[in-house]
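The structure appears right after this line, and notes come after that.
Numbering (our numbering), first residue to last: 1407 to 1626.
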């Protein structure tokens, strides 16, 4: 395959404290001997400054991916199948919406945001199939998915100490018309809780000692 892309970005100051970032990413996907695809992917961001220390923002973006990661066993392995967007299999599309608030401290930042993502043209193997040949249309089904979540991030410092903390609460689902009885199932990489933290101490001007850890939860 060949792929050509073009990106344009423009920053617009609507008011002294109100900024807009508008961009578009154009991609032409050219697989050999198969249908070509033209993809227009907009990027829009609005930012409103509340004084010198606070910022409200809202983002919207649309992205397309021209290959699909298809799990072929009960667990995710490096041997899973990478399916290109050919032979009638459309690119997977994700539309992402996010809004949030940032508060700046003398040495750090506190951020709280919420997001929602809608995904189309997700591919998966049909249940209980036995692959006999390369006619993937007999074995692969297409579906829809979504993700939503809330994220908190904090970074700050005092004298020689600095710390950072982040927590994400999210839910990712997918569903397929061919298996409606299963309803909206958790996605392969659904990780409801992600917690990260670290504490650092500065030794001199060029050394840093850090103690940190992370905690994740989820089921395959």
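For glycine and all other residues, C-beta sits at the position ideal for the given N, C-alpha and C.
DSSP three-state call for residue i: helix, strand or coil?
i, result
"residue 1588", "helix"
"residue 1453", "strand"
"residue 1543", "helix"
"residue 1583", "helix"
"residue 1508", "strand"
"residue 1523", "strand"
"residue 1423", "coil"
"residue 1448", "strand"
"residue 1576", "strand"
"residue 1408", "strand"
"residue 1565", "coil"
"residue 1473", "strand"
"residue 1517", "strand"
"residue 1555", "strand"
"residue 1597", "coil"
"residue 1602", "strand"
"residue 1442", "coil"
"residue 1532", "coil"
"residue 1437", "coil"
"residue 1497", "coil"
"residue 1623", "strand"
Measure the alpha-carbon distance for residue i versus residue j and round it to whole angstroms.
i, j, result
"residue 1497", "residue 1594", "19 Å"
"residue 1571", "residue 1601", "8 Å"
"residue 1623", "residue 1573", "12 Å"
"residue 1575", "residue 1520", "10 Å"
"residue 1437", "residue 1416", "31 Å"
"residue 1469", "residue 1560", "28 Å"
"residue 1505", "residue 1620", "25 Å"
"residue 1467", "residue 1450", "6 Å"
"residue 1604", "residue 1513", "16 Å"
"residue 1608", "residue 1614", "5 Å"
"residue 1502", "residue 1465", "8 Å"
"residue 1511", "residue 1452", "22 Å"
"residue 1563", "residue 1458", "19 Å"
"residue 1474", "residue 1527", "9 Å"
"residue 1418", "residue 1463", "14 Å"
Around the C-beta of residue i, are 16 or more other C-beta atoms found within 10 angstroms, so that it is buried, or is it exposed?
i, result
"residue 1587", "exposed"
"residue 1411", "exposed"
"residue 1567", "exposed"
"residue 1538", "exposed"
"residue 1491", "buried"
"residue 1584", "exposed"
"residue 1599", "exposed"
"residue 1612", "exposed"
"residue 1534", "exposed"
With a threshold of 7 Å between beta carbons, is residue i in contact with chain D?
i, result
"residue 1497", "Absent from the structure: chain D. Only one protein chain is present."
Compute the beta-carbon to beta-carbon distance between residue i and residue j, rounded to the nearest angstrom, for a pair I have assumed lies under 8 Å.
i, j, result
"residue 1543", "residue 1494", "7 Å"
"residue 1517", "residue 1523", "Not confirmed; about 18 Å, so no contact."
"residue 1430", "residue 1447", "7 Å"
"residue 1454", "residue 1427", "About 13 Å; that fails the 8 Å criterion."
"residue 1548", "residue 1525", "Between residue 1525 and residue 1548 the Cβ distance is about 11 Å, and since that is not below 8 Å, they are no contact."
"residue 1488", "residue 1529", "Contact doesn't hold; Cβ gap of about 11 Å is too wide."
Do residue i and the ligand SAH come close, with the Cβ less than 6 Å from some heavy atom?
i, result
"residue 1548", "Looking at this structure, you won't find the ligand SAH or any other ligand, since it has none at all."
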